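Line by line, the protein sequences give chains A and B.
All the letters of the first sequence, read from the start, carry residue numbers 1 to 135 under the UniProt record's numbering.
All the letters of the second sequence, read from the start, carry residue numbers 1 to 135 under the UniProt record's numbering.
Even for Gly, the Cβ is constructed at its ideal location relative to N, Cα and C.
Computed from a predicted structure; not experimentally measured.
Take a look at the structure set out below.
Number of protein chains: 2
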Amino acid sequence: MNVQEALNILKEKGYKYTGKREEMLTFFAVENRYRTAKDLLQYMEPNYEGISFDTIYRNLHLFSDVDILEATELNGEKHFRMKCDHHHHHHFICKECGVTKEIHRCPMDDIQEELKSFAIQDHKFEIYGLCPGCQ
Amino acid sequence: MNVQEALNILKEKGYKYTGKREEMLTFFAVENRYRTAKDLLQYMEPNYEGISFDTIYRNLHLFSDVDILEATELNGEKHFRMKCDHHHHHHFICKECGVTKEIHRCPMDDIQEELKSFAIQDHKFEIYGLCPGCQ
DNA sequence: TTTACAAATAGGAATGATTACGATAGAATG
DNA sequence: CATTCTATCGTAATCATTCCTATTTGTAAA
Numbered sequence: 001m002n003v004q005e006a007l008n009i010l011k012e013k014g015y016k017y018t019g020k021r022e023e024m025l026t027f028f029a030v031e032n033r034y035r036t037a038k039d040l041l042q043y044m045e046p047n048y049e050g051i052s053f054d055t056i057y058r059n060l061h062l063f064s065d066v067d068i069l070e071a072t073e074l075n076g077e078k079h080f081r082m083k084c085d086h087h088h089h090h091h092f093i094c095k096e097c098g099v100t101k102e103i104h105r106c107p108m109d110d111i112q113e114e115l116k117s118f119a120i121q122d123h124k125f126e127i128y129g130l131c132p133g134c135q
Numbered sequence: 001m002n003v004q005e006a007l008n009i010l011k012e013k014g015y016k017y018t019g020k021r022e023e024m025l026t027f028f029a030v031e032n033r034y035r036t037a038k039d040l041l042q043y044m045e046p047n048y049e050g051i052s053f054d055t056i057y058r059n060l061h062l063f064s065d066v067d068i069l070e071a072t073e074l075n076g077e078k079h080f081r082m083k084c085d086h087h088h089h090h091h092f093i094c095k096e097c098g099v100t101k102e103i104h105r106c107p108m109d110d111i112q113e114e115l116k117s118f119a120i121q122d123h124k125f126e127i128y129g130l131c132p133g134c135q
């Protein structure tokens with residue numbers, strides 16, 4: 001997803017345009033990497049001195065709620081990345097730099113039958129390690 | 001794994017026996033459920049009034065390090081359960097009560113080839129939802 | 001353009017899980 | 001039973017995240 005598409009989603013749902021929001025979205029649009037709230041804050045500070053934690057976290061949650069960002073949990077910290085706009089898939093995630101690679105195979109396909117009596121709400125399949133650049 | 005096996009592992013590795021440790025292990029041995037540090041603290045308090053946070057967390061980490069417990073992250077809190085001692089497998093986890101069910105199919109088998117240039121260190125495949133009892 | 005109002009933000013305090021630390025108590029070993 | 005580490009207590013510190021209030025800012029309608 002690019003910045004413009006993300007801004008359109010916000011507009012559609014009645015959220016306001018702000019320069020900060022565009023800048024935040026730019027931060028996520030440039031790379032296929034999971035980043036933390038702190039990463040984002042550090043990116044924003046030079047241009048928006050005194051930007052508040054509240055603004056960072058409120059917008060991260062907003063973006064997640066409207067499916068602009070996707071979130072995961074890596075060593076006790078929430079990480080976010082721009083949502084991939086095509087079909088359902090999972091990720092390899094580099095533990096060093098957070099870079100991701102798509103995996104085009106969903107293990108859930110085979111397994112539903114094994115869990116007939118359980119109400120499945122959600123699942124997570126992530127592979128962790130080092131990308132070629134970080135090895 | 002049962003309490004005795006766990007105590008043997010500790011002894012082998014040179015850690016001391018304490019009543020608190022046995023009690024903590026008992027807590028995990030009785031159920032196939034992921035529990036938090038707070039759950040454990042509440043279980044311990046009646047018998048060991050004034051037990052310290054430090055003791056709880058230090059032992060949870062110790063038990064994880066020596067493969068007595070396995071850990072996962074559910075809504076921002078670390079959860080622990082007794083390690084299963086048989087073959088490699090994954091879990092369905094009830095979001096309400098933490099109960100688990102084994103899934104006998106590992107999605108990693110097929111996927112290694114798709115990630116030749118990445119150094120895989122670890123992976124997580126978890127399915128979340130409600131168990132029959134919590135539906 | 002101006003106005004009016006809801007939404008967004010700043011600044012900082014509060015929270016909740018987790019970790020750290022100096023002092024004391026308790027196992028293990030000979 | 002004396003020595004030596006390890007374990008524990010009690011509490012303070014840390015770190016990410018959330019909450020709160022006053023103020024500012026987009027936005028759409030007048």
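Simplified DSSP assignment, three categories, for residue i
| i | result |
| --- | --- |
| B:V99 | strand |
| A:N59 | helix |
| A:S52 | coil |
Straight-line Cα distance separating residue j from residue i
| i | j | result |
| --- | --- | --- |
| A:Y43 | A:E31 | 13 Å |
| A:T118 | B:K95 | Here the sequence assigns Phe to residue 118 of chain A, which means Thr is not the residue at that position. Going from the Cα of A:F118 to the Cα of B:K95 covers about 11 Å. |
| A:E45 | A:S64 | 22 Å |
| B:D122 | B:T18 | 33 Å |
| B:K124 | A:C134 | 21 Å |
| B:C97 | B:L74 | 12 Å |
| B:K38 | B:V66 | 21 Å |
| B:K20 | B:L130 | 32 Å |
| B:Y48 | A:Y128 | 39 Å |
| B:K78 | B:T72 | 6 Å |
| A:N59 | B:H89 | 37 Å |
| B:E5 | B:E22 | 11 Å |
| B:F80 | B:F28 | 8 Å |
| A:I111 | B:I103 | 8 Å |
| A:H91 | B:G50 | 44 Å |
| B:L115 | A:H86 | 20 Å |
| A:K16 | A:L25 | 14 Å |
| B:N2 | B:L40 | 17 Å |
| B:K83 | B:N8 | 14 Å |
| B:I68 | B:L10 | 9 Å |
| residue 143 of chain A | A:S52 | Residue 143 of chain A cannot be examined here, being either before or after the span of chain A that is shown, 1 to 135. |
| B:L62 | A:G76 | 18 Å |
| B:P132 | B:I93 | 12 Å |
| A:R33 | A:K101 | 9 Å |
| A:R105 | B:D54 | 42 Å |
| A:Y57 | B:E12 | 46 Å |
| residue 137 of chain B | B:E113 | The first residue shown for chain B is 1 and the last is 135, placing residue 137 of chain B beyond what the model contains. |
| A:D109 | B:E126 | 14 Å |
| A:D70 | B:P107 | Sequence check: residue 70 of chain A is Glu here, not Asp. When rounded, the distance between both Cα atoms is 22 Å. |
| B:V99 | A:G14 | 40 Å |
Residue range of the unbroken beta strand (DSSP E) whose run includes residue i
| i | result |
| --- | --- |
| A:Y43 | First-last for A:Y43: A37 to M44, but that is the alpha helix (DSSP H), not the beta strand (DSSP E). |
| A:Y34 | Counting along the chain, A:Y34 falls outside any beta strand (DSSP E), and DSSP gives it neither H nor E. |
| A:I127 | A119 to L130 |
Boundaries of the alpha helix (DSSP H) in which residue i is found, first to last residue
| i | result |
| --- | --- |
| B:I9 | V3 to E12 |
| B:K20 | G19 to A29 |
For the region 67-115 of chain B, which segments carrying the alpha helix (DSSP H) assignment without a break, of at least 4 residues, lie completely within its bounds, in sequence order?
Considered as a whole, the region 67-115 of chain B harbours 108-111 as its complete alpha helix (DSSP H) runs of no fewer than 4 residues, in chain order.
Residues in the region 33-66 of chain A with C-beta within 9 Å of chain B's C-beta atoms, listed in sequence order?
Of all residues in the region 33-66 of chain A, none has a Cβ within less than 9 Å of some Cβ in chain B.
Could you run through the region 91-121 of chain B and flag, in chain order, every residue whose CB is less than 9 Å away from some CB of chain A?
Going along the region 91-121 of chain B in chain order, one finds F92, C94, K95, K101, I103, H104, R105, C106, P107, M108, D110, I111, E114, L115, S117, F118, A119, I120 and Q121 with a Cβ nearer than 9 Å to chain A.
Output, in sequence order along the chain, the residues in the region 69-84 of chain A whose CB is closer than 8 Å to any CB in chain B.
Closer than 8 Å at the C-beta level to chain B, one finds these residues of the region 69-84 of chain A: E73, G76 and K78.
In chain order, what residues of the region 9-23 of chain A put their CB closer than 7 Å to some CB of chain B?
Residues passing the 7 Å Cβ filter: none.
Short-range partners of chain B found in the region 122-135 of chain A, where Cβ spacing is below 7 Å:
For the region 122-135 of chain A, which is checked against every Cβ of chain B, the residues closer than 7 Å are D122, H123, K124, F125, E126, I127, Y128, G129, L130, C131, P132 and Q135.
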